[in-house]
Each structure stands twice: as C-alpha cells, then as structure tokens.
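Taking the UniProt record's numbering, I'd label the letters of the sequence shown as residues 1 to 561. Glycine included, each C-beta is placed from N, C-alpha and C at the ideal position.
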Amino acid sequence: MLAVTLGHIDSAVVLLQHEANVNTENTQGWTVVQEAVGTGNPELLQLVLARRDYQRYCNRVAGIPELLHKLKQAPDFYVEMKWEFTSWVPLVSRMCPSDTYKVYKQGSNVRIDTTLLGFDHANWQRGNRSFVFKAQIDGATMMEVDHETKKVYVEHMKLIEDDNIQLMEPSEEGVIARLTNPIVTTYIDTDKISFERNKAGLWGWRSDKSEVVNGHECKVFSASNVELITKTRLEHLSETDKAKARSPRTPLQSFLGIAEQQQEESCSTVTTSEEFNSVSNSSNITAEEYFDPTVDLSGRDIGRPKEVNTKIQKFKATLWLSEDYPLSLQEQIMPIVDLMAITSSHFAKLKDFIQMQLPAGFPVKIEIPLFHILNARITFGNIFGLDQEVPHVSRLQESNRITCLVDDICFETPSGYVKLGAEVRTQFSIEEEDDLLQFAIQQSLLEAGSERDEVDIWEALKAQKPSRPTTPNMTTEEERQLQRAIQASLVMYQETTRSAEGTANSARINENEDSDSLEDTAEQLRLALKLSEQQQIEEEQQRLLEEETFRHVLELSLTDK
C-alpha cells in the first residue's frame with residue numbers, strides 16, 4: 001500500500017513478486033487498486049490489477065471448496081431469496097429490477113438459479129442461468145448452465161502457476177477507463193448502528209411490533225444510525241474530466257439539488273528535504289514522521305493531495321426476525337452468502353450487514369441501502385418448496401421437523417446441452433458489477449438527496465411518501481424531498497411527451513408514407529403519459545383527503561367529551 005501510494009514502481013514490483021497482499025485497504029477505506037489509480041500511472045495500475053486478479057482467483061479457488069465442505073455437515077435444503085432493487089425516487093424505482101435466487105443444497109453440492117444477468121447500455125440483461133458448485137477430493141468444479149442457449153461452461157478450480165500471471169493482465173482499454181473516470185467507493189458505516197424493536201399501536205397502547213412473513217411470525221426491528229457513505233476522488237483526472245465528473249448529467253439532477261461535501265486534502269510544506277519533495281509526497285512527510293505514532297501530522301498525508309467528494313445519507317434499515325425458522329443462519333445460509341460474495345457486490349454488502357451483532361432470530365426479510373438512492377430488500381421464502389412445488393425437491397415429515405430431499409439430477413448437466421470450457425465465458429469482476437449498477441442508476445436519474453437526508457427504508461422501498469408526523473402541519477425534510485422528486489418526474493413526463501411529438505413531426509416530413517402511423521403512436525404516447533400524470537395527481541389528492549380525515553378523527557378523539 002505504501003509503495004503504491006507513493007508511486008514507487010520498483011518497490012511495488014518487488015513486493016508484488018513476493019506475494020504482498022493486494023486485496024487490502026488503508027485506514028481511509030481505499031484499496032490498493034484505487035490508490036494506484038490515484039497516482040495516474042498506467043504502468044503501476046496494470047501491475048497492481050494483474051496481481052489483484054491473480055490473488056482473487058487463488059482465494060476463490062481455495063475458498064470455494066472449503067465453503068462446500070463446510071456446507072456438507074449442514075442439513076440439505078431448498079430456499080428462495082427474492083432480491084428487490086428499488087428507490088424512493090419515482091423515476092428510478094420504475095427501472096429497478098428484481099430477481100429471485102433459487103438455492104439448492106445437497107451434501108457438498110450447491111446450485112443457484114438466477115435470471116438477472118447484468119446491465120447493458122440502458123437495459124437490464126435477463127436470462128435463465130444456473131451456477132452449480134460441486135466439491136471434489138482435489139478441489140471443486142463450477143458449472144454455469146445457460147438454459148436459453150443450452151450451453152454449459154465447466155471450470156475445474158485449480159491453482160495456476162505464478163508464471164502465468166500474465167493471463168490476468170487487464171486490457172489497455174480497462175486501464176484507460178479507470179484513469180479517466182472518478183474513483184468511487186460506497187460502503188455502510190456500521191460503527192454507530194443500533195437495533196431496537198419496532199412498536200405498533202397508538203399512544204398509550206403501543207406494543208412490540210410483529211408481522212407474518214411467508215407464514216412465519218417475525219419480530220420487527222429497526223437499525224438506526226445506518227449511514228451510507230459514497231466517496232468520489234478526482235485528483236488523477238484532467239481538468240476536462242474533472243469538469244465532466246462534477247457537472248450534473250441531467251437537468252433533473254440539477255433540479256433535485258445534489259449536495260456534496262468537497263475536501264481537498266492538500267497541506268502546506270513543513271520541510272525542505274528534497275528526498276521526499278515530490279508529486280507523490282507533496283506534504284513532505286519524512287519516513288521518521290510517518291512511522292512515529294507520537295508525531296501529529298495535522299491532517300497531512302502521503303500521496304497526491306486528494307480531492308474527495310463525500311455524500312452521507314442516513315437510513316433506517318429494517319429486519320424481520322423469526323425464532324422458529326427451519327434454517328440456520330450460520331450453518332446453512334452464511335456459507336451460501338460467502339460463496340456468492342466472492343463475485344457479487346450485492347451479496348458482499350449483505351454479508352457485511354448480517355455479520356453484525358444482530359438480535360436473536362433468522363432474518364426472514366432484510367431491507368438495506370446499496371447506493372445513494374438504491375435500496376435492496378431480501379426476502380427468504382418457499383422454504384423446502386412448501387409454498388410452491390419445485391421439481392426434484394421433496395420433503396420428509398418426521399416427528400417434529402421436516403427434512404428436505406434434493407435429487408442428484410439438480411446438479412447434473414441437462415441432457416442435450418453442449419459442454420464448453422470456462423475460458424470462453426464472459427465474466428465480470430465484483431468491481432465491474434458495482435460499476436454496472438452505478439451506471440444503471442445514472443442512466444435512470446442519477447442521484448438525489450443530501451447528507452441531511454433521512455429516509456425510512458420501508459417507505460422508500462414502497463416508493464411511497466414518508467408518513468406524516470403526528471404533530472399537525474409539520475412537514476419533514478423527507479416529505480419535501482420526495483415532493484420535489486414527484487414534481488420532477490412530472491416535468492420529465494412532459495418533456496418526454498414533447499420529444500415524442502417532435503419525433504413524430506420530423507418523421508412526417510421525411511417519410512410521408514409512415515406519417516399516419518407515427519402520428520397515432522405519438523398521440524397514444526401523449527395520452528398514456530397524460531393519463532399517468534392525471535392518475536398520480538388523483539392518487540395524491542386522495543391520500544391528502546384520507547390524511548386530513550384521519551387527523552380530524554384523531555383530534556376529536558383527544559378532545560374532552
């Protein structure tokens with residue numbers, strides 16, 4: 001980390017050749033790869049990327065068989081994990097996808113079915129794929145089964161020699177893309193999180209809240225002080241790229257008023273030592289100062305002066321915990337989450353959250369933030385196929401428990417499918433998956449809110465306006481923010497209508513033979529948007545009327561009779 005941050009290529013090469021750990025972070029949460037990008041040195045970045053991918057591959061090859069053998073001791077099961085990606089901003093919520101992971105476990109074999117493959121340009125990529133992991137004596141085999149093309153990509157997980165690290169070298173386009181785009185990291189600050197039981201009922205008659213989720217009685221808890229932090233670094237960019245990164249990408253983004261906190265971590269020089277006076281150590285920190293814990297650096301740091309934009313958004317995550325769920329979180333679910341977290345950033349964030357000191361019980365449903373305006377709700381359901389029958393999954397009723405039986409055929413190559421090697425399969429790294437989802441958000445609306453925002457996740461995932469406080473005529477910051485977002489969505493509808501009408505007019509001039517058809521299409525689009533806008537207005541009026549009636553009834557109930 002130190003050699004890379006200072007831009008010392010020769011030192012970094014020696015350390016990399018001696019297996020220095022690249023998958024590490026500094027005290028500020030930046031990875032070695034991100035610090036390499038910050039230097040702006042393409043040669044150093046390429047070396048670090050190649051070694052990082054090599055170490056990740058080795059960890060994956062060594063870790064997956066270990067997880068599978070760990071699972072072998074746990075009872076077999078089938079469960080569905082429903083992921084819903086939603087946003088409290090209306091237009092973003094319209095494009096947010098959902099997916100259900102179907103998890104089969106038998107002995108040391110695991111199969112995970114999914115339909116959401118990724119994001120390409122402006123569309124979510126859908127498919128029908130199964131990932132099958134089978135433990136073996138000398139390692140493990142992974143199969144990616146594409147049910148649409150009827151192709152199976154088989155990978156025998158084994159370590160590759162250090163001499164073959166060139167196979168992991170990133171493309172030139174990938175290196176350039178990193179050096180010409182901001183460095184972005186998003187994480188949940190768990191230091192201040194506290195859990196408390198939700199309450200239900202009116203004043204004086206409030207009690208602990210419980211809800212039934214997929215047939216299981218659950219206690220409802222809220223995790224308060226959940227801070228989603230997004231940091232963006234720009235110091236490695238040219239002035240043109242900086243201006244592009246800082247400028248709002250859409251009029252709506254500007255309209256919503258993004259508040260950012262910009263920090264330029266540059267410091268005055270305190271020494272004239274030429275040995276340390278360089279671009280990579282502009283604060284002129286000597287080695288003695290850096291390694292002496294008693295020296296106060298007064299905010300100075302090594303490396304380039306960092307230009308950091310920080311967004312902090314506060315959430316209230318929600319948990320539904322069942323004490324009689326037939327699965328074990330630690331023995332059965334956590335190995336699956338660990339398995340998926342190796343290649344999925346969403347599962348990695350879920351893993352970080354549920355590894356906290358949660359209250360007792362199985363988290364049947366969890367709602368957590370993923371990005372600045374994107375949230376995830378994960379719900380476990382159809383356990384053992386009890387709610388809906390699943391092919392090749394059966395149950396055995398014993399005295400006081402149900403045993404799940406999963407057939408061997410679930411983990412075999414389907415007949416008629418073509419087997420191929422894993423090298424022809426296109427894979428995304430965990431960072432690329434994050435980048436794709438960030439890009440998806442940008443395509444739909446980009447970001448909204450500020451560091452003062454506090455959004456209730458249950459209401460956010462429902463894309464509803466936060467409930468009005470009990471004190472009459474009190475308007476919260478969340479309500480004002482969502483009102484602005486709704487107004488912005490109506491503006492976008494009107495712009496879309498004008499654009500559709502303009503497109504139709506141009507088509508009539510250039511292609512007379514298609515004029516009637518295009519005019520009909522534009523008119524239908526205009527009417528559809530108008531009806532949608534009218535429906536939203538009517539729903540808002542109805543909601544206000546219901547709230548006013550409820551408030552009136554409440555006031556009457558509190559007056560002396």
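*Note the first and the last residue of the continuous alpha helix (DSSP H) segment covering Asp-241.*
As a working note, residue 241 is residue 241 in the sequence shown. In the DSSP assignment, Asp-241 falls within the alpha helix (DSSP H) that extends over 239-246.
*Extent of the continuous beta strand (DSSP E) to which Pro-369 belongs*: Locating residue 369 in the sequence shown gives position 369, counting from the first residue. 362-369 is the span of the beta strand (DSSP E), which, as asked, contains Pro-369.
*Opposite Ala-376 in the DSSP bridges: which residues?*
Here residue 376 refers to the residue found at position 376 when the sequence shown is read from its first residue. Beta-bridge pairing by DSSP links Ala-376 to Phe-85, Ile-368.
_Please return the same chain residues whose Cβ sits closer than 6 Å to the Cβ of Asn-181, not counting the five positions on each side in sequence._
Walking along the sequence shown from the start, residue 181 turns up at place 181. Closer than 6 Å at Cβ, skipping near neighbours: no residue.
*Taking DSSP as the reference, what is the three-state secondary structure of Val-4?*
Within the sequence shown, numbered from 1, the residue matching residue 4 stands at position 4. Three-state result, Val-4: helix.
_Alpha carbon of Leu-350 to alpha carbon of Ser-98, nearest angstrom_ = Against the sequence shown, residue 350 aligns to sequence position 350. Against the sequence shown, residue 98 aligns to sequence position 98. Rounded to the nearest whole angstrom, the CA to CA distance from Leu-350 to Ser-98 is 16 Å.
*Secondary structure at Val-390, three-state DSSP: helix, strand or coil?*
Residue mapping note: residue 390 aligns to position 390 of the sequence shown, counting from 1. Looking at Val-390 - three-state DSSP - the assignment turns out to be coil, as it is neither helix nor strand.
*Give the C-beta separation of Leu-47 and Val-13 to the nearest angstrom, bearing in mind that I take them to be a contact with Cβ-Cβ under 8 Å.*
Start at 1 with the first residue of the sequence shown, and residue 47 comes out as number 47. Start at 1 with the first residue of the sequence shown, and residue 13 comes out as number 13. That belief holds up - the Cβ atoms of Leu-47 and Val-13 are roughly 7 Å apart, short of 8 Å.
*Report the three-state DSSP secondary structure of Gly-40 (helix, strand or coil).*
As a working mapping, residue 40 is identified with position 40 in the sequence shown. Three-state result, Gly-40: coil.
*From Leu-228, Thr-403, Ser-224, Glu-538, pick the residue whose C-alpha is nearest to that of Lys-311; which is it?*
Locating residue 311 in the sequence shown gives position 311, where the first residue counts as 1. With distances taken between Cα atoms, Lys-311 lies closest to Leu-228.
*With a Cβ-Cβ cutoff of 7 Å, do Ala-223 and Ala-317 count as a contact?*
Stepping through the sequence shown from its first residue, residue 223 is reached at position 223. Stepping through the sequence shown from its first residue, residue 317 is reached at position 317. Yes; because the gap between Cβ atoms is below 7 Å, this pair is in contact.
_Cut-off 6 Å between Cβ atoms - residues of its own chain near Lys-219, not counting five sequence neighbours on either side_ = Along the sequence shown, read from residue 1 onward, the residue named residue 219 stands at position 219. Hits under 6 Å: Ser-210, Leu-321.
*Which residue's Cα is closest to the Cα of His-147: Pro-414, Asn-21, Phe-195?*
Working through the sequence shown from its first residue, we reach residue 147 at position 147. Put simply, of Pro-414, Asn-21, Phe-195 the residue whose alpha carbon is nearest the alpha carbon of His-147 is Pro-414.
*Please report how far the alpha carbon of Pro-369 lies from the alpha carbon of Phe-315, in whole angstroms.*
The sequence position of residue 369 within the sequence shown is 369, counting from 1. The sequence position of residue 315 within the sequence shown is 315, counting from 1. Distance between the alpha carbons of Pro-369 and Phe-315: 7 Å.
*Mind pulling the alpha helix (DSSP H) runs of 4 or more residues that sit fully within the segment 25-76?*
Runs of alpha helix (DSSP H) with 4 or more residues, each lying fully within the segment 25-76, are found at 32-39, 42-72, listed in chain order.
_Mapping the DSSP letters down to three states, classify Arg-178 as helix, strand or coil._
The residue labelled residue 178 in the question sits at position 178 within the sequence shown. In the structure shown, Arg-178 sits in a helix (DSSP, three-state: H, G or I).
*Exposure of Pro-363, with buried meaning 16 or more beta-carbon neighbours within 10 Å*: Your numbering for residue 363 matches position 363 in the sequence shown. Per the 10 Å Cβ criterion, buried.
*Ala-223 by DSSP, collapsed to three states: which one?*
Indexing the sequence shown from 1 puts residue 223 at position 223. Annotated three-state conformation of Ala-223 is strand, per DSSP.
*Should Glu-307 be labelled buried (16 or more other beta-carbon atoms within 10 Å of its own) or exposed?*
Taking the first residue of the sequence shown as position 1, residue 307 is located at position 307. Glu-307 should be labelled buried.
*Would you call the CB atoms of Ala-3 and Leu-16 closer than 7 Å?*
Taking the sequence shown and counting its residues from 1, one reaches residue 3 at position 3. Taking the sequence shown and counting its residues from 1, one reaches residue 16 at position 16. The beta carbons of Ala-3 and Leu-16 sit no closer together than 7 Å.
*Kindly list the residues whose CB is nearer than 7 Å to the CB of Pro-335, restricted to its own chain and excluding five residues on each side of it in sequence; keep chain order.*
Along the sequence shown, read from residue 1 onward, the residue named residue 335 stands at position 335. Closer than 7 Å at Cβ, skipping near neighbours: Leu-67, Lys-70, Leu-71.
*Just the C-alpha distance for Ser-171 and Ser-11, rounded to the nearest angstrom, thanks.*
Within the sequence shown, numbered from 1, the residue matching residue 171 stands at position 171. Within the sequence shown, numbered from 1, the residue matching residue 11 stands at position 11. Spanning the two alpha carbons is a distance of roughly 23 Å.
_Can you tell me whether Thr-205 is buried or exposed? The criterion is at least 16 other CB atoms within 10 Å of its CB, across all chains shown._
On the sequence shown, residue 205 is found 205 positions in, with the first residue counted as 1. Note on identity: in this sequence residue 205 is Trp, with Thr being the wrong assignment. So Trp-205 ends up on the exposed side.
*Name, in chain order, the residues that DSSP records as bridge partners for Glu-398.*
As a position in the sequence shown, residue 398 is number 398, starting the count at 1. Answer is none; Glu-398 lacks a bridge partner.
*Per DSSP, which one or two residues make a beta bridge with Tyr-290?*
Reading the sequence shown from its first residue, position 290 is the one you call residue 290. Partner(s): none; Tyr-290 has no beta bridge.
*On the DSSP bridge assignment, give the partners of Glu-196 in chain order.*
Along the sequence shown, read from residue 1 onward, the residue named residue 196 stands at position 196. Residue pairing by DSSP puts Glu-196 in a beta bridge opposite Ser-222.
*Would you decide whether Thr-549 is buried or exposed? Buried here means 16 or more other CB atoms lie within 10 Å of its CB.*
Position 549 of the sequence shown, counted from the first residue, corresponds to residue 549. Exposure of Thr-549 is indicated by the presence of fewer than 16 other C-beta atoms within 10 angstroms of its C-beta.
*asked:* Let's see if you can read the secondary structure: which residues bound the alpha helix (DSSP H) around residue 563?
replied: Here the chain has residues from 1 to 561 only, and residue 563 is not among them.
_Cα-Cα separation between Lys-150 and Cys-410, rounded to whole angstroms_ = Reading the sequence shown from its first residue, position 150 is the one you call residue 150. Reading the sequence shown from its first residue, position 410 is the one you call residue 410. Taking the straight line from one Cα to the other gives about 15 Å.
*For Leu-321, name the three-state secondary structure that DSSP assigns.*
Within the sequence shown, residue 321 is the residue found at index 321, counting from 1. Strand at Leu-321.
_Where Leu-256 sits in the DSSP three-state scheme_ = Taking the sequence shown and counting its residues from 1, the one referred to as residue 256 is at position 256. Unreliable positioning characterises Leu-256 in this predicted model, as indicated by a pLDDT of 36, which lies under 50. A coordinate reading is not provided.
*State the DSSP-derived secondary structure class of Ala-341, mapped to helix, strand or coil.*
Position 341 of the sequence shown, counted from the start, is the residue given in the question as residue 341. The three-state secondary structure of Ala-341, taken from DSSP, is helix.
*Does the distance from the CB of Tyr-78 to the CB of Phe-384 come in under 7 Å?*
Numbered from 1 along the sequence shown, position 78 holds the residue referred to as residue 78. Numbered from 1 along the sequence shown, position 384 holds the residue referred to as residue 384. Phe-384 is positioned such that its CB atom lies closer than 7 Å to that of Tyr-78.
*Could you spell out the range, first to last residue, of the beta strand (DSSP E) harbouring Ile-302?*
Here the question's residue 302 lines up with position 302 in the sequence shown. Unbroken run through Ile-302: none, as it is neither H nor E.
*asked:* Please state the DSSP three-state secondary structure of residue 626.
replied: An answer regarding residue 626 cannot be provided, because it is not within the stretch 1 to 561 covered by the chain.
*DSSP three-state call for Glu-148: helix, strand or coil?*
Within the sequence shown, the letter at position 148 stands for residue 148. The three-state secondary structure of Glu-148, taken from DSSP, is coil.
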